[in-house]
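Heads up: the structure comes next, in structure tokens.
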């Protein structure tokens, strides 16, 4: 009889879980998959030399800190070349109770990586009985990106932006990455994706120390709108369809995603402040 993988074996055949679930190991769910079912990891799923079709790509993510936390936001547009593939894509997700991750790059691998990252952090908390430090979480995400390098070399690049509230330092922090998994800590604000050059220019003008959470939300919403003015792959606020950016706030109280009504209010405040300016036009 052929040998059956300890993970793929039917766990109900003998009325118990597969043996792999009882083997000693560390608190990393990614390491568990690598040892027992490495074909499920994102970086292992594409044969070398495979020719990739045109796939949807997500675009601009922005983040900015304020006294007491951090705001992470993303536009809603996904593109395939010069074609708008989707107008209501969600690019910002909770990683755990005190952090969030935004994705730019190839949509499929990016969403899969986010889901694996969420499980990784939850698995660690269940095994260790405590939350991982924010630096530890940022390092785990860097490891996942390194594992995705074979796919990135074939055009399926994922470039996340990670932000969270540091429970030890009592501040909001931002981490950026490149496709090889190098991790960089950003200060005050940052942006990634096709419209990041224009978004960072806007953030540089509008961000300042001492902003409140509401003021910071307006700053990142305006940065996305400014990026949409100059980058065709970035979708601005669509008033007619009521499609607004996904905006999240992380503080000592945890992760919170703003409602569309709250984001609309922030957008209207930006328009009112810049009345008559080109950056206030609705897209």
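Numbering (the working numbering), first residue to last: 102 to 384. For glycine and all other residues, C-beta sits at the position ideal for the given N, C-alpha and C.
Counting the other CB atoms within 10 Å of its CB gives residue 373 a total below 16, which places it among the exposed residues.
The C-beta separation of residue 300 from residue 172 comes to about 13 Å, leaving the pair out of contact by the 8 Å criterion. Each residue's CA atom was taken as its position, placing residue 166 and residue 268 some 15 Å apart. Closest by C-alpha distance to residue 278, out of 205, 185 and 186, is 205.
Here residue 189 has 177 and 344 as same chain residues with Cβ atoms under 8 Å from its own Cβ, once five neighbours each way along the sequence are excluded.
Residue 291 and residue 340 have their C-alpha atoms some 26 Å from each other.
Beta bridge pairing from DSSP links residue 177 with no other residue. The alpha-carbon of residue 351 is positioned some 9 Å away from that of residue 169. Here residue 359 is not bridged, per DSSP, to any residue. The three-state secondary structure of residue 224, taken from DSSP, is helix. Shown here, residue 197 sits in a strand according to DSSP, grouped into three states. One thing to note: residue 220 has its Cβ no nearer than 8 Å to the Cβ of residue 202. Using a Cβ distance threshold of 8 Å, residue 294 and residue 200 do not count as a contacting pair. For residue 273, the enclosing beta strand (DSSP E) has its first and last residue at 272–278. Along the region 267–346, the alpha helix (DSSP H) occurs as fully enclosed runs of 4 or more residues at 297–307 and 314–331, listed in sequence order. In the displayed model, residue 169 falls within coil according to three-state DSSP, outside both helix and strand. One Cα belongs to residue 346, the other to residue 371, and the distance between them is close to 14 Å.
The C-beta distance from residue 196 to residue 217 rounds to 11 Å, too long to fall under 8 Å, and the pair is not in contact. A straight-line Cα-Cα distance of about 8 Å links residue 275 and residue 289.
Contact between residue 161 and residue 325 is confirmed by a C-beta separation of about 6 Å, below the 8 Å threshold. In the DSSP assignment, residue 253 falls within the alpha helix (DSSP H) that extends over 250–253.
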